[in-house]
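Residue numbers (the working numbering): 514 to 785.
Here the structure comes first, spelled out in structure tokens, and everything after it is commentary.
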Amino acid sequence: MTLEIKQASSFVRQRTKIKPKIALILGSGLGALAYEIEAEATLPYAEIPNFPPSTVEGHSGQLVVGRLEGKAVVAMAGRVHFYEGYTMQQVVFPIRVMHALGAEALIVSNAAGGINRQWHRGDLMIIADHINFFGTNPLIGPNDPDLGPRFPDMSQPYDPEFIALAERSAEADGAVIRKGVYVGVSGPSYETLAELRMLRGWGADAVGMSTVPEVIAARHLGMRVLGITAITDMATGEQVQQVTHEEVIAVAKEVEPRFIKLVKRIVREMNV
């Protein structure tokens, strides 16, 4: 473990006695789940040593440690992105800190464009697999064996038991849930129609500018992962559909109550 990770995790430990077992990353427009946590500590990223602050609208930039549905959790209310100018190592630094605090499982969420033509804006999607189209990888560079192996397996980045739990939870709530492949791109520009058609040809169901680096880092650490996507716009590549970040946030806010209900049930039943 690097000195930077130790400094950040020690800072957090000094402010809470809770040892979280579940880490959550709350994506664009989905941060209200943080208010459902019985917080023992709420720490702005800027106060945590070495922690990269979030600069994007819709990401409040706070680390919340407490209890959700009786489980000890640590949640990122907002994340940082590669397109903000951070290195990949900075993007995944919070994952490594949350793991150092004790988190064994990760629930990661995001807002994304829907490529699958059968889906609709406002759908929730369980991530079954992903495609890394960032053009880089957070594990490039010297490997720290204290964090994980040089060549981690990625044949099942998303935990099958967690996926089944998410499906059961949605069914219990009477909610429609999709399941598909998420492709991560660097951004910050949205995709061209030709790019979207290419991604659909690759088998992608949704496209976004996050998640993949964090999942790679989490699996490198041996964490079990569940991914949930809010489809905030349709990006099928068939016709011009101009998208703005403001619209993405607005739709995510509409989805948020269903997202919160689903995640709370999943956390309650999660065996960690």
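Even glycine gets a Cβ: it sits at the ideal position worked out from N, Cα and C.
Quick caveat, the model's predicted, so the values are computed rather than measured.
- request: Ignoring anything shorter than 3 residues or poking outside the region 534-601, list the beta strand (DSSP E) runs there in chain order.
  value: As far as the region 534-601 is concerned, its whole beta strand (DSSP E) runs of at least 3 residues are 535-539, 551-557, 575-581, 584-590.
- prompt: Considering residue 643, what are the terminal residues of the beta strand (DSSP E) in which it resides?
  reply: Counting along the chain, residue 643 sits inside the beta strand (DSSP E) bounded by residues 637-646.
message: Using only the alpha-carbon positions, how far apart do residue 541 and residue 617 sit?
response: Between residue 541 and residue 617, the C-alpha separation is close to 24 Å.
task: Rank 658, 684, 745, 603 by C-alpha distance to the C-alpha of residue 650 and give the top, closest one.
output: When C-alpha distances from residue 650 are compared across 658, 684, 745, 603, the shortest belongs to 603.
message: Tell me which residues share the same chain as residue 733 and place their Cβ nearer than 7 Å to its Cβ, disregarding the 5 neighbours each side in the sequence.
response: 652, 660, 661, 665
Closest Cα partner of residue 682 within the set 714, 777, 624, 663: 777
- request: Rounded to whole angstroms, what's the CA-CA distance from residue 588 to residue 536? Just pull it up for me.
  value: 6 Å
message: Can you list, in chain order, the residues of its chain with a C-beta nearer than 8 Å to that of residue 559? Leave out the 5 residues immediately preceding and following it.
response: Cβ neighbours of residue 559 beyond the five flanking positions: 566, 574.
query: Quick one: is residue 714 buried, meaning 16 or more other Cβ sit within 10 Å of its Cβ, or exposed?
result: exposed
Ordered list of alpha helix (DSSP H) runs contained in the region 704-753, each at least 4 residues: 706-714, 725-733
Three-pair Cβ contact test at 8 Å for the region 764-783 versus the region 612-627: yes
task: Pull up the DSSP beta-bridge partners for residue 618, would you.
output: 535, 737
field: C-alpha gap between residue 644 and residue 742, whole angstroms
entry: 14 Å
As assigned by DSSP and simplified to three states, the class of residue 688: coil
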